[in-house]
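Only one structure is covered here, and it is reproduced in the block below.
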Amino acid sequence: MIVAEHLTRQYPGQGAPALQDVSLTINDGAVFGIIGRSGAGKSTLIRCLNLLERPDSGRILVDGRDLTQLSDKELRLQRQRIGMIFQNFNLLHARNVSDNVAVPLQIAGVGRNERKKRVADLLDLVGLSDKAHAFPSQLSGGQKQRVGIARALAARPSYLLSDEATSALDPETTESILALLRSINQQLGLTIVLITHELNVVKSICDHAALLSGGKLQESGPIAQLLANPNSLLGKALMPDCGLPELPANPLLPVAELTFYDILLASPVLSSLAQVHGVGVTLFGGGVESIAGQRVGRLRVGFQPPMGGVDLSEVMLFLNQRGVKAEWV
Amino acid sequence: MGIRNSLSWDELYALVLNATGETLYMVTLATFFTLLVGLPLGVVLFISRRHGLTPLPKLSAALGTVVNIGRSLPFVVLLIALIPLTRLIVGTTLGSTAAVVPITLGAIPFFARIVENALDEVDKGRIEAIQAMGGGLRYVIFTVLLPEALPALLAGLTLTIVMLIGFSSMAGVIGGGGLGDLAIRYGYQRFNNQVMVATIVVLVVMVQIIQMLGDRVVRVLAHRR
Chain U
7 MIVAEHLTRQ YPGQGAPALQ DVSLTINDGA VFGIIGRSGA GKSTLIRCLN
57 LLERPDSGRI LVDGRDLTQL SDKELRLQRQ RIGMIFQNFN LLHARNVSDN
107 VAVPLQIAGV GRNERKKRVA DLLDLVGLSD KAHAFPSQLS GGQKQRVGIA
157 RALAARPSYL LSDEATSALD PETTESILAL LRSINQQLGL TIVLITHELN
207 VVKSICDHAA LLSGGKLQES GPIAQLLANP NSLLGKALMP DCGLPELPAN
257 PLLPVAELTF YDILLASPVL SSLAQVHGVG VTLFGGGVES IAGQRVGRLR
307 VGFQPPMGGV DLSEVMLFLN QRGVKAEWV
Chain F
478 MGIRNSLSWD ELYALVLNAT GETLYMVTLA TFFTLLVGLP LGVVLFISRR
528 HGLTPLPKLS AALGTVVNIG RSLPFVVLLI ALIPLTRLIV GTTLGSTAAV
578 VPITLGAIPF FARIVENALD EVDKGRIEAI QAMGGGLRYV IFTVLLPEAL
628 PALLAGLTLT IVMLIGFSSM AGVIGGGGLG DLAIRYGYQR FNNQVMVATI
678 VVLVVMVQII QMLGDRVVRV LAHRR
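Taken in sequence, the protein lines are chains U and F. Per our numbering, the first sequence starts with residue 7, numbered consecutively. Per our numbering, the second sequence starts with residue 478, numbered consecutively.
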């Protein structure tokens, strides 16, 4: 478990602090996404978690040990348990792929034979066995990041920090790297902390998320909770996009936004609405996405009341009773 | 018979060969010692910087000052100023071996700065990656800084060797011999154009070969990475 308590960091000569009293708890096995715009302090925060950046005040507890209190030697040992991958990969260009992956093992004092075996296993895990003798300059961005991941995993860490690891990659490569991270999380039980400015990354692999802006933590928690909380900015941002933001041409039509979770997507709520209340439903936009392993759908619809009218609050009640969250626009 | 001013080809050959040998001797030894002292000095200059890996402001300022003094003196002045030190180290102040001392000391500050700058060009992210793995200063220096900067270091070494050839040509001032000395004694003092031309040709060829070799090694290394 990683617990950050009241982290504050002020860069000399800069107005606002990069971090202001940030506290976070990251449970074992989680994939924890910290999202924010550039300049929000994400990078400073993640670099505090292995003390590449030392906070001015606050503590970082990794499995109960306060990193800020460790001696240099103890800190180096602790860091071997926390792998890290980077936006720019930071591979050593003078070494080939195998030798890059072997660096943490050398640092950890693993013998030559065992090193060789471990490197082969890792390259197999990230699907780069055929590139063992290639140099980083001969690899694509996605391949470089795979080497970065293999290297970060070499010393069998319990935690993996990802500093915008997919930000320099195209969407397809990003997806394949995220899939790799997801499977590592599931197979090895590795706890992953990642920072990103892309909502899609959070939607795709995170089960916990935090929003950072202006150096302050705005909110954090399990994504399911954030999605369920109508006041959560992050929950709202993570929801599928309804498409066109402007209102439909016919302003007389009452318009609502409906949110569906999981199996509800499959059940014919809208058609039963038509049957029971005689209300026609016009679809203006919508989307379905998988967020934190849960399928969430959002529709923007207009209600066409039958002749003689209908009490629209009854329609809302009908929907809410069936687990569809409905709101007037 | 008056003073004979023209040399037979055999005489010319012997003179130039001997002087070339002396120059190579001085340059080789000086290169070795410059590397031996200049490389670690450059590393220390780099890591002791104010925002460096192990900031040591006092050491950094002291070394920086010494290096700057060394670089600001014209070599001929250094050559003479160092005579007492040369006597202390070599036991004599005359000859090729004695000339190696000022030549080396003249080149060390230059090479150390080259090393410092080459290390500064290494991507900071790679250093951080090693630190994030739990690698200490030793790993940062030997697995990141020096290997990653190798092409720049070799290019800088080539530059330094060519400069050492220049320095060695002034060794004649303290009886060090070499091609520069030959050019002054025969070409300048005796107006012997034969020797002058031969000296120039040998020096130009020597520098060309060193530069070519240096460039090639750097290219091969850069291509591989």
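Note that the Cβ used here is the ideal one computed from N, Cα and C, for glycine as well.
| Item | Value |
| --- | --- |
| Contact criterion: CB-CB distance below 7 Å. Does F:TYR663 meet it with respect to chain U? | no |
| Mind checking the stretch 52 to 76 of chain U against chain F and listing, in chain order, the residues whose C-beta falls within less than 8 Å of any C-beta there? | ASN56 and LEU58 |
| Would you mind telling me which residues of chain F sit closer than 9 Å to U:LEU196, beta carbon to beta carbon, in chain order? | Ordered by position in chain F, no residue passes the 9 Å Cβ test against U:LEU196, which lies about 16 Å from the chain. |
| Any idea what DSSP makes of U:TYR165, helix, strand or coil? | strand |
| Looking at the structure shown, is U:ALA140 part of a helix, part of a strand, or coil, going by DSSP? | coil |
| Looking at the structure shown, is U:GLN300 part of a helix, part of a strand, or coil, going by DSSP? | strand |
| Counting only runs of 4+ residues fully inside the stretch 520 to 551 of chain F, write out the alpha helix (DSSP H) ranges in chain order. | 534 to 549 |
| Between F:LEU565 and F:PRO579, which are expected to be in contact by the criterion C-beta below 8 Å, what is the C-beta distance as a whole number of angstroms? | With 8 Å as the limit, F:LEU565 and F:PRO579 do not qualify as a contact, their Cβ atoms being about 13 Å apart. |
| Enumerate in chain order the residues of its own chain whose CB-to-CB distance from F:LEU571 is below 7 Å, with the five nearest sequence positions on each side excluded. | ILE651 and GLY652 |
| Measure how close the beta-carbons of F:LEU631 and F:VAL577 come, nearest whole angstrom, since I'm counting them as under 8 Å. | F:LEU631 to F:VAL577, Cβ: 22 Å. No contact. |
| Among all the DSSP beta bridges, which residues are the ones paired with U:GLU295? | U:VAL302 |
| If I measure Cβ to Cβ from U:GLU225 and keep anything under 8 Å in the same chain, skipping five residues before and after, which residues do I get? | ALA216, LEU217, LEU232, SER238, LEU239 and LEU240 |
| If we cut at 7 Å on Cβ distances, does U:PRO18 have a partner in chain F? | no |
| My understanding is that U:GLY147 touches U:LEU175, with C-beta atoms under 8 Å, so please give their C-beta distance in whole angstroms. | 5 Å |
| Closest to U:ASP247 by C-alpha separation, out of U:PHE309, U:GLY292 and U:GLY39, would be which residue? | U:GLY292 |
| Give the DSSP bridge partners of U:HIS214, in chain order. | U:PHE38 and U:PRO228 |
| Counting only Cβ-Cβ distances shorter than 8 Å, please list the residues of the stretch 597 to 613 of chain F near chain U, keeping chain order. | ASP600, GLY602, ARG603, GLU605, ALA606, ILE607, GLN608, ALA609, MET610, GLY611, GLY612 and GLY613 |
| Would F:PRO561 be called buried (16 or more neighbouring beta carbons within 10 Å of its own) or exposed? | exposed |
| Note down, in chain order, every chain U residue with its Cβ under 8 Å from the Cβ of F:VAL621. | LEU98 |
| Between U:PRO177, U:VAL330, U:LEU244 and U:GLU120, which lies nearest to U:SER278 when the distance is taken from Cα to Cα? | U:VAL330 |
| Identify the residues that DSSP records as bridge partners of U:GLU333: which are they? | U:GLU263 |
| Going along the chain, which residues of its own chain have a beta-carbon closer than 6 Å to the beta-carbon of F:ILE686, five neighbours each way excluded? | none |
| Closer than 7 Å by beta-carbon distance: list the chain U residues that pair up with F:GLU706, in chain order. | Coverage of chain F is limited to positions 478 through 702, which leaves residue 706 of chain F absent and any answer about it impossible. |
| Report the three-state DSSP secondary structure of U:GLY64 (helix, strand or coil). | strand |
| Compare the C-alpha of F:LEU489 against each of F:MET683, F:ILE642, F:ALA675 and F:ARG701 and name the closest. | F:ALA675 |
| Let me make sure I understand the geometry here. Which of F:VAL684, F:VAL599, F:PHE552 and F:ALA539 has the alpha-carbon closest to that of F:LEU629? | Before going further, note that residue 629 of chain F is Ala rather than Leu in the sequence given. Ranking F:VAL684, F:VAL599, F:PHE552 and F:ALA539 by Cα distance to F:ALA629 puts F:VAL599 first. |
| Residues of chain U with CB under 8 Å from F:ARG526, in chain order? | Those within 8 Å of F:ARG526 in chain U number zero; the least Cβ separation is about 16 Å. |
| With which residues is U:ALA10 paired in a DSSP beta bridge? | U:LEU30 and U:ILE66 |
| Let me check understanding here. Comparing Cα to Cα, which of U:VAL287, U:GLY299, U:ASP136 and U:ARG121 lies closest to U:LEU325? | U:VAL287 |
| What is the DSSP secondary structure of U:VAL116, reduced to helix, strand or coil? | coil |
| Give a yes or no on whether 7 Å exceeds the smallest Cβ distance from U:PRO163 to chain F. | no |
| Check for me: the beta strand (DSSP E) holding U:ILE88 runs from which residue to which? | 88 to 92 |
| Just to confirm, are U:ILE52 and U:ILE201 a CB contact at a threshold of 7 Å? | yes |
| Here's a check: name, in chain order, each residue in its chain whose Cβ is nearer than 7 Å to the Cβ of U:GLU295, leaving out the five neighbours to either side. | LYS209, PRO246 and VAL302 |
| With a threshold of 7 Å between beta carbons, is U:GLN149 in contact with chain F? | no |
| Cβ of F:ILE642 within 7 Å of Cβ of F:VAL504? | yes |
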